[in-house]
Structures are given as C-alpha cells and as structure tokens.
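Written below as structure tokens is the structure these notes are about.
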Amino acid sequence: MLTEADLKAPASLLFETVGAHPEEPLRDWSDAKEFASLREAVHWAMNAEAPAGKHAIIRAASGYVLRPEMLEGIWASLQGP
-14 MLTEADLKAP ASLLFETVGA HPEEPLRDWS DAKEFASLRE AVHWAMNAEA
36 PAGKHAIIRA ASGYVLRPEM LEGIWASLQG P
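Residue numbers -14 to 66, in this note's numbering, belong to the letters of the sequence shown in order.
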C-alpha cells in the first residue's frame, strides 16, 4: 500500500509490454526512468505517450509497484478538488 512518504520519495517508471507477467522478480528496472518523487513519476506517466504495445508501471521507494489500472485513480487523487 502507498504511504504519504512514498508520494514525496524517489520513484522509478518502466514501460513494460502489455500482458507481461506481473511478477516483480522478472522485471528489469535497470532501464527505468528515475524521478525525484512519486508525484512526478505519476504526472509523467499520465502525460507521456507509451511506446507501442507497452504501458507504464511505477515502483515507489517502498517497493510497491503501481500497475496501469492504479495510475488513473492515483492521478485523479493527486489533482485535488
């Protein structure tokens, strides 16, 4: 589960093939784009165009991985009223 500290901590964004196996140990985060905060990573993921056949996933500082289906809800909550 995400914490308030995760929102302010560094995060990594990775484009993974749609339909890829969702197991964390199988992911190679070495090519991930690094962000100073999870907020920045979510903003970038929601506004950037993913390569064909891929979608963004984000790993928070706590290790929690945000899948594409979670990103839209988090993005909406970060926008405020």
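For each residue, glycine too, the CB sits at the ideal point set by N, CA and C. As the structure is a prediction and not an experimental result, all values here were calculated from the model.
Segment limits, beta strand (DSSP E) that includes residue i
i: residue -3; result: -4 to 2
i: residue 34; result: Here residue 34 belongs to no beta strand (DSSP E), and DSSP marks it neither H nor E.
Continuous alpha helix (DSSP H) stretch holding residue i: start and end
i: residue 6; result: Here residue 6 belongs to no alpha helix (DSSP H), and DSSP marks it neither H nor E.
i: residue -9; result: -11 to -7
In DSSP terms, what residue i is bridged to
i: residue 50; result: 44
i: residue 18; result: -2
Beta-carbon spacing of residue i, residue j below 8 Å
i: residue 46; j: residue 5; result: no
i: residue -2; j: residue 20; result: yes
i: residue 14; j: residue 44; result: yes
i: residue 56; j: residue 33; result: no
i: residue 12; j: residue 25; result: no
Interface flag, residue i vs chain B, CB-CB below 8 Å
i: residue -12; result: In summary, chain B is missing from the structure at hand, where a single protein chain is found.
- Would you call the region -11 to -4 and the region 31 to 42 in contact, with 3 or more CB pairs under 8 Å? no
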